[in-house]
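Chains as they are written, first to last, in my numbering: chain C, 1 to 197; chain F, 198 to 535. What follows is a short report on a single structure.
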C-alpha cells in the first residue's frame, strides 16, 4: 500500500511536469546578463545617497529620483554622482507602487545597469532586471552580489534549474570581472562587425 | 501529518527528476503589503466592485474595441472564481491618459519605447494609513506587436494574457514564479514553461496559454477576497524554513496536492523564517522548498538583499494533511547550504 502511495505521488508530479504548457505571457521579456551588458549605456557600482519622490510634471504620477554615489564604472561614465528616475514613491499619506520597479533606499549598495534616452534621467534596464545588490554579511566575508547572474556567454546553454549547487551569489570581485569581460566581448563584437562592413 | 521515512527516497527521486527535466519548477503567490505601525497589512480593494475605464486608442492589429473586449474577458476570468468575491465594473471609455490620484483606474495602450522589455505594467495608488488600494492603472506597451486573435498570432503578444497578469496585480497580487527559463545556444534567455499567470517574466510571442488561471493564481485571489460562503472549505499550511538552525528569508515553499495535483505555494517572509500558504484545498500534500536563485529577486521582494538563495532544494520529511477550515501544525523544513 505504501509503495502504491509513492508511485501515485511520482506519477502526479510527472503529470504536472508534462502538463505545464510552454510560456505564459506576462510583464517583462527576460534579459540575460550579457543582454543587459550590451544594452546598458552605463554600468556602475555605487551607494544610494538620496531618494526624492516627486509628482511628475503634469501631476500624472509619482516618481522617485535616486542619487547614487558611484564607486566604480564597469561601462560608460556618467560622472561621480548619478541621478536615475524610478517609477513610484511615497508622498504624504499616499504611495505609488509600480510593480516590477526596483525599491532603492539610502545606504543600499548596488550595481546598476542603466539606459538613457536623450537629455533625460537614466533609468534601470528591464525594470528590476538591471539591479544587482551588494550584500556584506560581516567584515571577514567578502561582499556578495545578489541575485546570481545568468549569462548566456559565460554559462552553458540549457535549462536554468533552481537550487543548482553551482549557482551561488558571486563575490563582488568575481561579478565585476564577469561584467567587464562581457562588456569587452560586446565591444569586441561591435568592432569586428564594424571592420567587416 | 503522516510520518513517512521513505518520503526521503521519494524526495531524492523528485530532486533528481527535477534536475533532469521531468518536473517543472514551482513557486507561489505573493500579496503586496504595507507596514502600518508594527504590522504588515495586505493591500486590497475595500470598495467593490472595482470600477475601471479603458483607453480609446488602438494599435496596429488591435482596435480600441478589441482592446476593450480583451480587457473585459480578462476581468471576467478573475471574476469567475467561485472561491473569491472580487467583482469589477466597466465604467466607460476614456481618451484621457492615466493620472494617479484621480481615483479612476485606467487601462490602455501607451507608447514606451524606452521600456523595451516591458510589455505591460501596473501601478497602484494606495492609502498608507489603511493599506486600501485607491486606484490602479495599467498600461500595455504599444512599442510591441499585439494580437487578440482567438488562437494567437505568431510574433505578436497576446493582449488578453498580459491583461490577465496585470489585473492580477490590480487585485493586490505580487509575482508568482511557477515557471522556468533557459539560456539559448544562440544567446539570450527565454521562458520554457509557466504554470502561473502571475509568473513575472514568462513570455513567448504568439502563445495564448496564459489566458487561463492556474491553482496558484486562484489561491492568491481567494486568499485576498475570500468568498465567505466557501471560506470554511479551504485550509492553510504554516511553518518555518531553517538553515543551520537559523531563519531563512525568501525561500519558496511549495505545496503539491496529491489528490488534485494542484501546486500552490508561499514564501518564508517572517523574521523567524515563517511562512503561511492559505486557500489550500483540504488534502494530503508534499512540501518542497527551493531558493529563488534563477531570476531577479527584486521582482518578488522589496528588501531583496535579505533573500537567502544559498541553499539546496529540500523536502519536508513527512506528508502533510491540510484540513478544511483549519491549519496544519507548524512545520519546520530544514535546508542545507550549497
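Glycine included, C-beta positions come from ideal geometry on N, C-alpha and C.
Residue i versus the options, residue with shortest Cα-Cα distance
{"i": "residue 322 of chain F", "options": "F:298, F:465, F:303 and F:475", "result": "F:298"}
{"i": "residue 91 of chain C", "options": "C:122, C:56, C:156 and C:38", "result": "C:56"}
{"i": "residue 272 of chain F", "options": "F:260, F:285 and F:263", "result": "F:285"}
{"i": "residue 53 of chain C", "options": "C:168, C:88, C:147 and C:69", "result": "C:88"}
{"i": "residue 484 of chain F", "options": "F:504, F:529 and F:495", "result": "F:529"}
{"i": "residue 413 of chain F", "options": "F:456, F:534 and F:463", "result": "F:463"}
{"i": "residue 334 of chain F", "options": "F:396, F:469, F:364 and F:239", "result": "F:364"}
{"i": "residue 127 of chain C", "options": "F:446, F:495 and F:292", "result": "F:495"}
{"i": "residue 287 of chain F", "options": "F:454, F:314, F:250 and F:266", "result": "F:250"}
{"i": "residue 206 of chain C", "options": "C:61, C:41 and C:105", "result": "A question about residue 206 of chain C goes unanswered here, because the residues of chain C that appear run from 1 up to 197."}
{"i": "residue 415 of chain F", "options": "F:293, F:465 and F:459", "result": "F:459"}
{"i": "residue 452 of chain F", "options": "F:421, F:445, F:476 and F:300", "result": "F:476"}
{"i": "residue 242 of chain F", "options": "F:316, F:367, F:353 and F:466", "result": "F:367"}
{"i": "residue 125 of chain C", "options": "F:374, F:326 and F:315", "result": "F:315"}
{"i": "residue 146 of chain C", "options": "F:510, F:292, F:517 and F:490", "result": "F:490"}
{"i": "residue 258 of chain F", "options": "F:339, F:295, F:467 and F:447", "result": "F:339"}
{"i": "residue 519 of chain F", "options": "F:498, F:500 and F:474", "result": "F:474"}
{"i": "residue 472 of chain F", "options": "F:448, F:327 and F:376", "result": "F:448"}
{"i": "residue 493 of chain F", "options": "C:184, C:67, C:166 and C:131", "result": "C:131"}
{"i": "residue 438 of chain F", "options": "F:421, F:408, F:409 and F:487", "result": "F:487"}
Local Cβ density within 10 Å of residue i, reported as buried at 16 or more and exposed below that
{"i": "residue 507 of chain F", "result": "buried"}
{"i": "residue 30 of chain C", "result": "buried"}
{"i": "residue 220 of chain F", "result": "The predicted model places residue 220 of chain F with a pLDDT of 26, which falls under 50 and marks its position as unreliable, so this point remains unresolved."}
{"i": "residue 37 of chain C", "result": "buried"}
{"i": "residue 277 of chain F", "result": "exposed"}
{"i": "residue 129 of chain C", "result": "buried"}
{"i": "residue 177 of chain C", "result": "exposed"}
{"i": "residue 26 of chain C", "result": "Residue placement at residue 26 of chain C is flagged as unreliable, the pLDDT there being 38, under the threshold of 50; a coordinate-derived value is accordingly withheld."}
{"i": "residue 426 of chain F", "result": "exposed"}
{"i": "residue 120 of chain C", "result": "exposed"}
{"i": "residue 81 of chain C", "result": "exposed"}
{"i": "residue 34 of chain C", "result": "buried"}
{"i": "residue 351 of chain F", "result": "exposed"}
{"i": "residue 534 of chain F", "result": "exposed"}
{"i": "residue 348 of chain F", "result": "exposed"}
{"i": "residue 62 of chain C", "result": "buried"}
{"i": "residue 156 of chain C", "result": "exposed"}
Where residue i sits in the DSSP three-state scheme
{"i": "residue 178 of chain C", "result": "helix"}
{"i": "residue 373 of chain F", "result": "coil"}
{"i": "residue 102 of chain C", "result": "coil"}
{"i": "residue 462 of chain F", "result": "strand"}
{"i": "residue 221 of chain F", "result": "Residue placement at residue 221 of chain F cannot be trusted, given a pLDDT of 26 that sits under 50; the coordinates are not used to answer."}
{"i": "residue 421 of chain F", "result": "helix"}
{"i": "residue 281 of chain F", "result": "strand"}
{"i": "residue 394 of chain F", "result": "coil"}
{"i": "residue 265 of chain F", "result": "helix"}
{"i": "residue 172 of chain C", "result": "helix"}
{"i": "residue 40 of chain C", "result": "coil"}
{"i": "residue 84 of chain C", "result": "strand"}
{"i": "residue 275 of chain F", "result": "helix"}
{"i": "residue 142 of chain C", "result": "coil"}
{"i": "residue 128 of chain C", "result": "helix"}
{"i": "residue 361 of chain F", "result": "helix"}
Euclidean distance between Cα positions of residue i and residue j
{"i": "residue 440 of chain F", "j": "residue 159 of chain C", "result": "26 Å"}
{"i": "residue 275 of chain F", "j": "residue 142 of chain C", "result": "47 Å"}
{"i": "residue 305 of chain F", "j": "residue 372 of chain F", "result": "21 Å"}
{"i": "residue 199 of chain C", "j": "residue 118 of chain C", "result": "Coverage of chain C is limited to positions 1 through 197, which leaves residue 199 of chain C absent and any answer about it impossible."}
{"i": "residue 149 of chain C", "j": "residue 479 of chain F", "result": "39 Å"}
{"i": "residue 280 of chain F", "j": "residue 423 of chain F", "result": "6 Å"}
{"i": "residue 46 of chain C", "j": "residue 482 of chain F", "result": "45 Å"}
{"i": "residue 264 of chain F", "j": "residue 356 of chain F", "result": "8 Å"}
{"i": "residue 358 of chain F", "j": "residue 139 of chain C", "result": "47 Å"}
{"i": "residue 320 of chain F", "j": "residue 337 of chain F", "result": "12 Å"}
{"i": "residue 283 of chain F", "j": "residue 361 of chain F", "result": "14 Å"}
{"i": "residue 109 of chain C", "j": "residue 431 of chain F", "result": "43 Å"}
{"i": "residue 345 of chain F", "j": "residue 289 of chain F", "result": "20 Å"}
{"i": "residue 387 of chain F", "j": "residue 428 of chain F", "result": "38 Å"}
beta-carbon residue i near the ligand GDP non-hydrogen atom, thresh 8 Å
{"i": "residue 187 of chain C", "result": "The ligand GDP is not part of this structure, which contains no ligands at all."}
For the segment 287 to 307 of chain F, which residues have a CB atom closer than 8 Å to at least one CB atom of chain C, in sequence order? 294, 295, 296, 297 and 298
Against chain F, which members of the segment 63 to 94 of chain C pass a CB distance test of less than 8 Å? 87, 88, 90, 93 and 94
Chain C contacts from the segment 254 to 267 of chain F (Cβ-Cβ distance under 8 Å): none
Output needed in chain order: residues of the segment 461 to 476 of chain F with a Cβ under 9 Å from some Cβ in chain C. none
Could you run through the segment 307 to 322 of chain F and flag, in chain order, every residue whose CB is less than 7 Å away from some CB of chain C? 311, 314, 315, 316, 317, 318, 319, 320, 321 and 322
Select from the segment 179 to 190 of chain C all residues with a C-beta closer than 9 Å to any C-beta belonging to chain F, and list them in chain order. none
Give me the subset of the segment 336 to 358 of chain F whose CB atoms are less than 8 Å from a CB atom of chain C, sorted by chain position. 354, 355 and 358
Can you give me, in chain order, the residues of the segment 501 to 513 of chain F that have a beta carbon less than 8 Å from any beta carbon in chain C? 501, 502, 504, 506, 507, 508, 509 and 510
Near-chain C residues of the segment 478 to 490 of chain F (beta-carbon distance less than 8 Å), N- to C-terminal order: 483, 487, 488, 489 and 490
In the segment 106 to 122 of chain C, which residues sit with their C-beta less than 8 Å from some C-beta in chain F, listed in chain order? 108, 115 and 117
According to a CB-to-CB cut-off of less than 7 Å, which residues of the segment 37 to 58 of chain C neighbour chain F? none
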